[in-house]
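Numbering (this note's numbering), first residue to last: 6 to 134.
This is the structure we're talking about:
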């Protein structure tokens, strides 16, 4: 999605902050729009940025993360989605060095464990998403 199209959504829904999340399948195309700052279509107080959802990259297997406010979106060592680390911890360290805000993109729907006691330390199989 291009920034002017996303900005229309932000304005229409009165969202003050919007993120055009680039992820695996569109990374190589959308990386051209990344600037590391608010997009030029932003209209204060409505801000729009290109950021990343770690999905379709090597490290997405350990969770889909949103990497917000990155200064550089190209992980060191390459120019495409194919050179990303296979562990989210390394992705988190890289984002933290840039001062990015990171967190889970969405819940782990489908990651069921038997029982409903809390706390529990059961690790669900990662095949239900």
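A virtual CB, placed ideally from N, CA and C, is assigned to each residue, including glycine.
Nothing here was measured: the structure is a model prediction, and the numbers come from that model.
Own chain partners of residue 32 with C-beta closer than 6 Å, once the 5 adjacent residues on each side are dropped | 86
Closest by CA to residue 110, which one among 7, 12, 16 and 24?
-> 24
Can you list, in chain order, the residues of its chain whose CB lies under 7 Å from that of residue 82, leaving out five sequence neighbours each side?
-> 88
Candidates 62, 46, 9 and 52: closest to residue 74 by CA position | 52
Check the DSSP bridge columns for residue 57 and list the partner residues they point to.
-> 27 and 72
Count the other C-beta atoms from every protein chain shown that fall within 10 angstroms of the C-beta of residue 154, then say buried if there are 16 or more, exposed otherwise.
-> Absent from the structure is residue 154, since the part of the chain shown begins at 6 and ends at 134.
Residue 81 in three-state terms, based on DSSP | coil
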